[in-house]
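Colleague: So the sequences go chain by chain: A, B, C, D and E.
In case it helps, the working numbering puts the first sequence at residues 18 to 319.
In case it helps, the working numbering puts the second sequence at residues 6 to 1047.
In case it helps, the working numbering puts the third sequence at residues 4 to 227.
In case it helps, the working numbering puts the fourth sequence at residues 4 to 178.
In case it helps, the working numbering puts the fifth sequence at residues -13 to 109.
Note that beta-carbon positions come from the ideal geometry of N, C-alpha and C, so glycine has one too.
Only a predicted model underlies this, so the values are computations on that prediction, with no experimental measurement involved.
Please see the structure below; I have some questions.
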Amino acid sequence: MNIFPRIVFVLLGLFIVLNWGLIMAGIIRKIIARLGMRRGIKVFQPYINLIKNYSIRSQLSHGVMFYLGPVFRLSGGVGIFLFMPLIYGSDYWSNFSFTGDLILITYFMFFGMLGMALGAGEGGHPYSAIGISRGLAQFTAIEVPMTLAILSIAIQYQTLSISEIVAAQQGGIQNWTMVTNPLATIAAMLSFLGAMGHSPFNVVMAPQENPVGPPTEYHGTFLGVLQTNRAILHVIEAVLYMNLFFGGASNWGVLIIKTFLIYFWSVFVGMVFPRFRVDQSIPWFLKIPLVIGIAAIVVFII
Amino acid sequence: MVNPIYIIAVLLGTAFLLGLFRKKGFEFGMALGMLAIAFAAVISVHWFIHLYSGTEGGLNIYTAGSKPPFSINLFMGVEESFFMSAINILGLLGFIYLFRAFREQGLKSSVLFLVLIMGMNVLIMSRDIFNLFVFLEIVSIALAGLIYLKRGKESAAAGFKYLIAIGVISAMLLIGISFFYLFAGTLNIDDYLQSNTLPVKGISVAIFLMLIAILLELKPFPANGWALDVYEAAHPGISAMISSGTATASIFLLYKLLPLSSLDWLPYLTVIGAVTFVGSNLLGIVQKNSNRLLGYSSIGQIGLMIAIIGLAPRLGDHFNFIFVSIFISHFLAKAGLFWISGIIMRSNIREWSVLRRNRLSLFMFGLFILMLIGFPPFPSFYGKWQLVMDLAQHKSFVWIAVILAGSFIEGIYLFRWFGYAMKEQDDEEKKIIFQWEKLIPPIVFSVLALGASYYTNNLSLLGPTLNLIPIYFILALFVLDFLPAFVKNSLVIAGMIIYSVLLYPSIADDTLRLIFGGIFMVGGVLTLFAGYSEKGKREGFFPFAVMMYAGLIGLIQAENLFQFFFSWEIMTLGSYILIIRGKKSMKHALNYMLFSLGGAYLIFIGFALSHIGQVTFDLQTLSSTILPGWTYTLIAIGFLTKTAAIGLHIWLPGAHAEAESDVSPMVSGILLKAGVFGLVLLFLLMGAEQAEQKNLLYILGWLGAITALGGNLMAVFQEDAKRLLAYSSVGNLGYILFALAFVTHVGWMTALTYSVNHFLFKTLLFLAIGGVVMRVKTHNMYEMGGLIKQMPLSFIAVLIGIITLAGIPPLAGYGGKWLFYNAVLSKGWYFQGMFIFFAGTIAFLYCFKLIYSVFLGQPKDKFRQVKEAPVWYLIPQIILIIGIMVFSARPDLLLKPVGTMLSQSNYFPTDPLNWENVTASTDLGYWSGYKIMLVIGVMFIILLSWLLLMSRKAQKIKQFNIVYAGERPFKPETTHFSHNMFSHFYKALGFLSIPVVSAFWNGLNSVTHSMAENTRKIYSGNGQTYIVHIMLYIIIIYMLMF
Amino acid sequence: MSEKKQTEQDKFLAPENKKHTVIGPDGEEIQVDPLNDYFCTDLPKVEAPYKGVLEKFLNWARAESLWVLSYGTGCGSIELPPLFSPRFDAYRFGVAMRPTPRQSGVLIISGYLAVKTLKRVIRSYEQMQNPKYVIALGSCTINGGMYWDSYNTINRLDHYLPVDVYIAGCMPRPEAILAGFNKLKERIKSGNAEGANEYIEKLEWYKANQKKIIKDWNMPTYNW
Amino acid sequence: MNELIDHIKARFPIYDVIESQPGQIFVSLEASKLIPMITSLKTNHGFTVLVIFTAVDWIEDDKFQITYVLNNPKEKQDLGIRVFIHRDDATMESIHHLWKHAATFQRELKEMFGIDFPGSPGVDDPFLLEGWDNIPPMRRDFDTKKYSEETYFPRPGRETNDPATFMKQMLYPDD
Amino acid sequence: MKIFELENISMAAGFLLLMVGIWGIISQRNIIKMIISFSIVDTSIHLLLVSIGYIRNRTAPIIGEGVTKTDAATQITDPVPQALVLTAIVIGVGITALLLTYSLKLYRHNRSLEINHFNSLKW
């Protein structure tokens, strides 16, 4: 396909994903509120927050890297979006996924993290650094079961291309990885809990003890950029899991339902469990999800 | 030709004549004595040249005008003339050396010296056994007198013990001689040999007594306490004579008398020699007194020579070459060291740091030490090479192991000593005078040593195959050391560039060598650029830097095993000296050297094993070795010490961290690749099937995985920036090992890509951090902080470095990761792979710590005025960044040739990577570096402009303008969150970083030391104990032999 | 600043904030003046609002998304948590708590202010971003309340910070606070809630008032 | 309790013994005898807890009264000890060596009353009042209302009306 | 062959003396006694040498009265050991003298002749 229509579709897709991310956050908050017998925020509250943050008149800058941190972060989120095929069978909605495969996405996730870490680091606030060090430390453990799950499905499908993985899952729910490779799915979904940063793995942000962690010093437009990224990232990570484990999506409707359910999984668990410390969450990840992940590989070796 | 008898006559005559002089004629007397020895030297050298070049068999000299048995006959052959030349030259120099001592003690002591020389000459020439006894006694008496040249209680006690011991020994000798006469009826060696008398038991015992007495003269371990006391107590000039002179005479005596015995003495000699070599060196490692240490070393070396004599039948024609090369090394080095010891007059080896005040003597000291251990290009290196190769041909593996173990133990204390001389605190208070006449002898011996090295190279049984241009260059740099640093730096850079250009055509077709050659040479030039920021002369840096690079490039050029090993040793040596130049690197450099030495010896044995049954030393011999498992394992472990696989890694962090700022990138980014190159070469040559059969590759894979995890985990908990990078190198080399162990096409491609990447980013990081360290003068990251404002360029370099290190797209590191997944999946090593990926994520922790603690966070007051790193550090960084960018955008530039190269080799005929323009794809996935770069770049720019638009007028604020719960921060030091940053991580996984390996090596170290410490208690210092040792020794050997 | 005043200020400076000399890595002496070197000494500028519909839209967004700094000064701070309980549920008005002043737009002074606390309040207020709003709870902030004659408690908050909404009571109930939020929303939507700019315009007056009672003014004039 | 008082009386010149409630006795003492007495109480009689320690300004007598309240947790007894010092020379011995937290009380008394406790750690540091430059505010000669009016911009309040008169005026303006 | 021939006896005596001497060197703590023991060893070897060269019923190898040059070969004992003994005696004397000198020096340094007192150099 020519490059220009592709860019148009990419922008369109990005727009949809951003909006869906914001609405999804609102819906989830609404659901949480209702669970707590509250009316809760308006569904469109994330939009208002975003507009408000972009409308803040004054900005402070601690330095160049502080300035670039949100850019890195958003690039990370948008980048993952760009490399992710969204809709199965549609060339229009496969973005730039021809440039790289699953590994590219797994590693590109670090791009945003690193940029954020640097930006927050230049803020000079010790809480930022504490938050980052916790986040990174926890992330090392989160990645291990995820890696095992990815290896497992790569063995299963003998490919690392996301499109091909999705293609292999077509033809009914019995072909989804969730059914054909339940162990890998469980390992990955447990690691997804950590990746989303909801309770019990939210010690990075930990508002009460460590004011919002890395973005302590970010405000106004910077915060707006970070929020934009958050909306995109949540959806696109859910899309990744959807593509890998839940049969992908053949149209936008399916995508929206599936990503919502996947994302809701992490929120649901977060509602039930209290917060882990880092030195508790790392051993946890290296025990239960890791063992499940190993089992997922052992199954295929045998 | 002058009859050699005149040597004796002149020496003896002069000795008598000097006795007539009174105090007034001292100078004249000394001159006369000197002339006499010079005369002897000239004649013996003349004879040697004559006999060596001619075809004559030698000259029999009949004293008293008649043939034996009615007179004593002397014989002058090639061997005799050689050893006599050595002794006479030594004597001449020793005489000059002792000038001052003689002046204090009067001319009569010089008479003793002359008698000593004369005695030794006769010992070598004489063919009459009783005559040998007589002159042995004369030598002993003269020595006993000279021992007391240095007055004092110790000398007297040592002399007494010496005399008593010698008395007992000579009693044995005399009994032996007398019974020999009883049964043989003659005292002439030649007569006996010609007579072919039937051996009876009696004569065997007689000869046993004679030989054992001579052996005891050679101070075998452990019956040598008396000799050690003498070495320690005597004047160093005399010790030199004992160590190099009488030992030479005695060993020749042994060699001469050996044919008398019909018994097979040789195995016993081998055992005695080997026990002496190992035992004596072992005791040396706990010795603190320099002269006694030299004594131990001396005895050890003589033990080695005895062992070589014992092994003679296995060495065949090569015996002479091996023996002479080992002998000449010991002879020159030991005398030189004793002489240096006499110059500086320090008995504790720690105090040898005074040598630094005189560069020349430090140079000579290093030269002699290296010569003793057997480093190239000294003769002993060639000797040991030939020895081990020949032993391997006869499958004498035990002896190879013993000899190399002994050499290794010797290396321990000699290098520790060298470290003290280089780095120990020098007490400036204590004055020292370098006397010129004492400096002459060691200088002459140094020159002789270099000459001997040159000739050994030419005479080497391999022929003059080595490329000597780098060596000449190194020597020239030694000479030019007085020039300012920038001149030398330019010279070296120019030299390396020219050499690379000349070298290029020869390796242009060989992609493997091209890659590693590129790493070595380009890296070398780049890191040398950093050296321009050094002021002053930077003495002693450039020769060794060139030595290291010469070694590295020699590895590339090597066509046979010998050249490879030679280069390997040269490289080790150069890098060792570079490392030890760091401020606190004494201990770490020693660790480095010992591990390298051990590794080199393993490689050495591996080469020897592969040489079994082969005629040439060609590299291809590795492919047809008869013991593939052993060869593979040994050589691989040898290379693994260089790549610092876990278990063998403990030398690396200290060595890399404490080295100078521009040396760290050399040894970390570049040097480590030598081990990788070696492994690649090993696999290519040996063939992986050999290793695979025995699961060795599997083990290597696990080793790599654990190394990666361990190295990265340790790096996380470091506070020292350079140490962090060093541990990171351990981890990264673990990846490379892991990928190498695949022995698949894509696995190797991963390994090579990773090697190049690691070179690029680790050199970059070490240069950048080195520049920072240079400015802030501390290694501790928590003391820095906020340096981004002062050092933006260094920050960018580190940023790019860590992005590459962590493998984040779009930079080059991601290519390695991508290939990695493909390799792991195609090979099926999932669990090892999991270790590696876990290590990869852990890498983020230290990456962040590195860049945050140094460049971000709170700036400290004392670093408010630091400047950007020196421009000479920045230039290579920029070049490296460009390199990273090029490989990131166009990975095909590297990967395509590598793929082709690997396909051409025999092992991996199919290239799993398909290239479509710049997009690589395998069966599993695909990757387009160029497009990724493009997409991310465009996106980044768009987003940046979006943010610039939105917050264009941000107010710049300062470091304490942070929200602090309504309060303000206290101090930058307490606000910078860096120290023990990953304490939570330590709580969770710190148990994995417990230094088990260090504990193991420390335990081994302390066991060795305590063993040596306990064993040396047998030398009680009591003369009678020594006699008991001697008697027991005789009895035990007797029991063993009969 | 006159020399006398300088010494006056130095008296209250913590030791680590006094001018001092440190030795750099090369042995050079570096003069450090913490108040100038650690803190930004610039003064803020008025950020003019947009005109017309755009500003109206933005004001609507600002009004519907009130992020409150979790900061309590007096007895009123115990009245704030119930706001977010199911019974009162302030979230439905777009109100949320933020732990950092950088990200919050509303500062609630929840009770009496001792001089010592005022200093921290001023810091927090100045660290917030324009536009920002102040809600003052209880009679203590209005006229001193029961602390009207205290030697250490301020009587009128509006002399130190521009207050948008006062909520009377001792203490006001959460319902009253919710009503106050709605008042604030109205005020923002009407475009009158320009307290931040007002504070900058009348900075000298505010600073004079603040410095009158905060005698140990050991920080820069404006805390960014 | 009375035994205890007798016992103390035998050793220290206490006077004004008041049993304010069962198990709580206040006694007065000369300032110079305070340290020996509370040391003895602490070590010998089980009064291990310093409950509170505060001051009263008797401006009429030109004295400060310092009251130490000790508690014996075993016997459930409280003992208050009052000592008097002159206002002009308001200095008292520190007891921080007996109870560490006494230093905090002393710091507070220094700030609020200007009573000095030489040697007490951190006694000169500001406790509640940062940058206070007036006479200590708890002294009775400090006019807090005047100070407040001068310093804190009192709001000119509304006109206050007595409801009775106000309503009368409103309803019956003529009367 | 008779055991109690002169040469056998002297040889046995020689060995006996050798043992005695070596035992003396090892066991005697006094330096002078050690030197004496050494001399005994020396002498024992001389005795051994002479006994080796002895041929029964022959005279000393001195050409002069009663022994002519021509029949010397049948009349004298083996001259070589005797020459050796002479040399050995000289050497022995030399060594003994040197040992005594050393003992003198040692005594001057330490006012002691106990060999145990001279073990400062060890290990």
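Closer than 7 Å between beta carbons: that is the criterion. Which residues of the segment 375 to 391 of chain B meet it against chain A?
Modeller: Hits within the stretch: zero.
Colleague: Give every residue of the same chain whose Cβ lies closer than 6 Å to the Cβ of alanine 233 of chain C, excluding the five residues on either side of it in the sequence, and list them in chain order.
Modeller: As shown, chain C starts at 4 and ends at 227. That puts residue 233 of chain C outside it, with no answer to give.
Colleague: Is there at least one Cβ from chain C nearer than 8 Å to arginine 158 of chain D's Cβ?
Modeller: By 1-based counting over the fourth sequence, the position of residue 158 of chain D is 155. Yes, its Cβ sits closer than 8 Å to a Cβ of chain C.
Colleague: Which value, in whole angstroms, describes the spacing of the CA atoms of arginine 14 of chain D and glycine 79 of chain C?
Modeller: Reading the fourth sequence from its first residue, position 11 is the one you call residue 14 of chain D. Reading the third sequence from its first residue, position 76 is the one you call residue 79 of chain C. Approximately 52 Å, taken between the alpha carbons.
Colleague: What does a CB cutoff of less than 8 Å around leucine 135 of chain A pick up in its chain, not counting 5 residues either side in sequence?
Modeller: If you number the first sequence from 1, residue 135 of chain A lands on position 118. If we look at leucine 135 of chain A and ignore the five residues flanking it on each side, its Cβ neighbours are Met82, Leu85, Gly86, Phe89.
Colleague: In this structure, does DSSP put lysine 206 of chain B in helix, strand or coil?
Modeller: Along the second sequence, one-based indexing puts residue 206 of chain B at 201. Lysine 206 of chain B falls in the helix class under three-state DSSP.
Colleague: Roughly how many angstroms separate the alpha carbons of isoleucine 608 of chain B and isoleucine 642 of chain B, rounded to a whole number?
Modeller: Taking the second sequence and counting its residues from 1, one reaches residue 608 of chain B at position 603. Taking the second sequence and counting its residues from 1, one reaches residue 642 of chain B at position 637. Those two C-alpha atoms are separated by around 8 Å.
Colleague: So is serine 666 of chain B in contact with chain C if we call contact Cβ pairs under 8 Å?
Modeller: Here residue 666 of chain B corresponds to residue number 661 of the second sequence, with the count starting at 1. Closer than 8 Å: no.
Colleague: If you count every other CB in all the chains shown that lies within 10 Å of the CB of methionine 4 of chain C, and 16 or more means buried, which is it?
Modeller: Residue 4 of chain C sits at position 1 when you count from the first residue of the third sequence. Because methionine 4 of chain C carries a pLDDT of 43, less than 50, the predicted location of this residue cannot be relied on, and the following value inherits that uncertainty. By the neighbour-count rule (16 or more Cβ atoms within 10 Å), methionine 4 of chain C is not buried but exposed.
Colleague: Just reading off the beta strand (DSSP E) that lysine 66 of chain D is part of, what are its end residues?
Modeller: What you label residue 66 of chain D is simply residue 63 of the fourth sequence in a count that begins at 1. Element bounds for lysine 66 of chain D: 66 to 75.
Colleague: Compare the C-beta of asparagine 133 of chain C with all C-beta atoms of chain A and state if any pair is closer than 8 Å.
Modeller: Walking along the third sequence from the start, residue 133 of chain C turns up at place 130. Chain A contact via Cβ: present.
Colleague: Under DSSP, the alpha helix (DSSP H) around tryptophan 193 of chain A begins and ends at which residues?
Modeller: The residue you call residue 193 of chain A lines up with position 176 of the first sequence. Premise fails: tryptophan 193 of chain A is in no alpha helix (DSSP H) and is neither H nor E.
Colleague: Residues of chain B with a CB under 8 Å from the CB of isoleucine 33 of chain C: which are they?
Modeller: Within the third sequence, numbered from 1, the residue matching residue 33 of chain C stands at position 30. Residues of chain B passing the Cβ test: Asp866, Lys867, Arg869, Gln870.
Colleague: Counting only the same chain and skipping the five closest in sequence on each side, list residues whose C-beta sits under 7 Å from that of alanine 317 of chain B.
Modeller: The count along the second sequence starts at 1 and reaches residue 317 of chain B at position 312. Counting only Cβ-Cβ distances below 7 Å, and skipping sequence neighbours, we find Leu271, Phe324.
Colleague: Answer with yes or no whether the minimum CB distance from cysteine 143 of chain C to chain B is below 8 Å.
Modeller: The sequence position of residue 143 of chain C within the third sequence is 140, counting from 1. No, because no Cβ of chain B sits closer than 8 Å to the Cβ of cysteine 143 of chain C.
Colleague: Please report the distance separating the alpha-carbon of arginine 23 of chain A from that of serine 107 of chain A.
Modeller: Numbered from 1 along the first sequence, position 6 holds the residue referred to as residue 23 of chain A. Numbered from 1 along the first sequence, position 90 holds the residue referred to as residue 107 of chain A. About 12 Å.
Colleague: Does DSSP put histidine 89 of chain D in a helix, in a strand, or in coil?
Modeller: Translated into the one-based positions of the fourth sequence, residue 89 of chain D becomes position 86. Histidine 89 of chain D: strand per DSSP, three-state reduction.
Colleague: Compare the C-beta of proline 67 of chain E against all C-beta atoms of chain B and say whether one is closer than 8 Å.
Modeller: In the fifth sequence, the residue the question calls residue 67 of chain E occupies position 81. It does: the Cβ of proline 67 of chain E has a partner Cβ on chain B nearer than 8 Å.
Colleague: Quick one: what does DSSP say lysine 45 of chain D is sitting in, helix, strand or coil?
Modeller: Here residue 45 of chain D refers to the residue found at position 42 when the fourth sequence is read from its first residue. Of the three classes helix, strand and coil, the one that applies to lysine 45 of chain D here is helix, per DSSP.
Colleague: For a contact defined as C-beta to C-beta under 8 Å, what are the partners of serine 1025 of chain B on chain E?
Modeller: To locate residue 1025 of chain B, count along the second sequence from 1; it is residue 1020. Ordered by position in chain E, the residues that pass the 8 Å Cβ test against serine 1025 of chain B are Asn105, Lys108.
Colleague: Among the candidates B/Ala426, B/Ala457, B/Thr648, whose CA atom is the shortest distance from the CA of proline 590 of chain B?
Modeller: Here the question's residue 590 of chain B lines up with position 585 in the second sequence. Reading off the sequence, residue 590 of chain B comes out as serine, not proline. Selected option, being the one with the closest Cα: B/Ala426.
Colleague: Under 7 Å between beta-carbons, which chain A residues line up against glutamate 50 of chain C? List them in chain order, please.
Modeller: The residue given as residue 50 of chain C occupies position 47 in the third sequence. Those within 7 Å of glutamate 50 of chain C in chain A are Arg74, Ser75.
Colleague: Below 7 Å on C-beta distance, what does aspartate 167 of chain C contact in chain F?
Modeller: You won't find chain F in this structure, because its protein chains are A, B, C, D and E.
Colleague: Who are the near neighbours of tyrosine 67 of chain B in its chain, counting only those whose CB is closer than 7 Å to its CB and skipping five residues on each side?
Modeller: Along the second sequence, read from residue 1 onward, the residue named residue 67 of chain B stands at position 62. Cβ neighbours of tyrosine 67 of chain B beyond the five flanking positions: Ser76, Asn78.
Colleague: Got a sec? Which residues, its chain only, sit under 6 Å from threonine 461 of chain B by beta carbon, not counting five neighbours each side?
Modeller: One-based indexing of the second sequence puts residue 461 of chain B at position 456. Within the same chain, threonine 461 of chain B has close Cβ partners Ser330, Pro384, Tyr387.
Colleague: Given that phenylalanine -10 of chain E touches chain B, what residues does it touch there, using C-beta distances under 7 Å?
Modeller: On the fifth sequence, residue -10 of chain E is found 4 positions in, with the first residue counted as 1. Under the 7 Å cutoff, chain B gives no residues; its nearest Cβ is about 19 Å from phenylalanine -10 of chain E.
Colleague: Given serine 115 of chain B, which residues of its chain have a CB within under 8 Å of its CB, disregarding the five upstream and five downstream residues?
Modeller: Position 110 of the second sequence, counting from 1, holds the residue named residue 115 of chain B. Around serine 115 of chain B: Leu23, Gly34, Met35, Gly38, Phe100, Leu103, Phe107.
Colleague: Taking DSSP as the reference, what is the three-state secondary structure of asparagine 155 of chain C?
Modeller: The residue labelled residue 155 of chain C in the question sits at position 152 within the third sequence. It is coil, neither helix nor strand.
Colleague: If you draw a straight line from the alpha carbon of glutamine 863 of chain B to that of leucine 52 of chain A, how long is it in whole angstroms?
Modeller: In the second sequence, the residue the question calls residue 863 of chain B occupies position 858. In the first sequence, the residue the question calls residue 52 of chain A occupies position 35. Glutamine 863 of chain B and leucine 52 of chain A: Cα-Cα distance of roughly 44 Å.
Colleague: On the DSSP bridge list, what partners appear for leucine 140 of chain C?
Modeller: Position 137 of the third sequence, counted from the first residue, corresponds to residue 140 of chain C. Answer is C/Ile170.
Colleague: Would you please verify whether the beta carbon of serine 151 of chain D is less than 8 Å from any beta carbon of chain C?
Modeller: Counted from its first residue, the fourth sequence places residue 151 of chain D at position 148. Yes, contact with chain C.
Colleague: Is the beta carbon of glycine 812 of chain B less than 8 Å from the beta carbon of glycine 818 of chain B?
Modeller: Position 807 of the second sequence, counted from the start, is the residue given in the question as residue 812 of chain B. Position 813 of the second sequence, counted from the start, is the residue given in the question as residue 818 of chain B. Yes. Within cutoff.
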